[in-house]
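**Q** Quick note on our numbering: the sequence shown kicks off at 863 and runs consecutively. No residue lacks a Cβ here, since even glycine has one placed at the ideal position from N, Cα and C.
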Amino acid sequence: MLKLFTLDWLEAAQHGWRWIRNKDGTITENPVWNKHWIVIADRNGDAIVVDNSTAGGVVTGHIGSYSVKIADDLASFFQVMAEAMTLEAITFNYDVLDDELNPIPGFLDAVSAIAMRILGPDGEAGFMEFFFG
Numbered sequence: 863m864l865k866l867f868t869l870d871w872l873e874a875a876q877h878g879w880r881w882i883r884n885k886d887g888t889i890t891e892n893p894v895w896n897k898h899w900i901v902i903a904d905r906n907g908d909a910i911v912v913d914n915s916t917a918g919g920v921v922t923g924h925i926g927s928y929s930v931k932i933a934d935d936l937a938s939f940f941q942v943m944a945e946a947m948t949l950e951a952i953t954f955n956y957d958v959l960d961d962e963l964n965p966i967p968g969f970l971d972a973v974s975a976i977a978m979r980i981l982g983p984d985g986e987a988g989f990m991e992f993f994f995g
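1. Let me check understanding here. Comparing Cα to Cα, which of Asn914, Asn906, Ala977 lies closest to Ile925?
2. Restricting to Cα atoms, I'd like to know which of Asp886, Thr890, Leu936 is closest to Val901.
3. DSSP has Arg883 in a bridge; who is on the other side?
4. Among Trp895, Ala977, Ser938, whose alpha-carbon lies nearest the alpha-carbon of Leu949?
5. How big is the Cα-Cα spacing for Ser927 and Leu981?
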């Protein structure tokens with residue numbers, strides 16, 4: 863499930879990523895976390911991050927210490943998400959998982975095509991890896 867953070871929750875969303883708890887219980891800045899990265903969403907414990915040092919806000923997905931570029935800019939990320947959610951609702955009537963709760967191939971192909979059109983090959987690969995990999 864994807865949870866976008868409101869402005870009221872944005873600061874708290876940085877805990878565990880930009881700010882970490884030391885063994886003694888104190889909170890400190892994570893030395894490997896870029897200060898320009900802002901966690902804007904959570905997907906099952908993984909972070910979706912915008913880099914505010916870039917013109918359009920490069921979007922990356924973070925799974926622990928592993929990260930993957932999802933989109934060159936925040937606007938493109940939101941466009942792909944909006945079109946994919948519309949596809950899920952209108953075309954597939956929310957029936958996108960098989961009996962083992964894996965996304966069905968037709969849905970994956972359709973989302974991949976949306977991501978390819980909007981994000982290009984590199985963005986599509988990162989988007990699909992983060993959300994469905």
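**A** If we stick to the structure as given:
1. Residue numbering aside, residue 925 sits at position 63 when the sequence shown is read from its first letter. Measuring from the Cα of Ile925, the nearest candidate turns out to be Asn906.
2. Working through the sequence shown from its first residue, we reach residue 901 at position 39. If we check each option's Cα against that of Val901, Leu936 comes out closest.
3. Here residue 883 refers to the residue found at position 21 when the sequence shown is read from its first residue. Ile889.
4. For the purposes of this step, residue 949 is taken as residue 87 along the sequence shown, with counting starting at 1. Nearest option by C-alpha distance: Ala977.
5. Taking the sequence shown and counting its residues from 1, one reaches residue 927 at position 65. Taking the sequence shown and counting its residues from 1, one reaches residue 981 at position 119. Roughly 24 Å separates the two Cα atoms.
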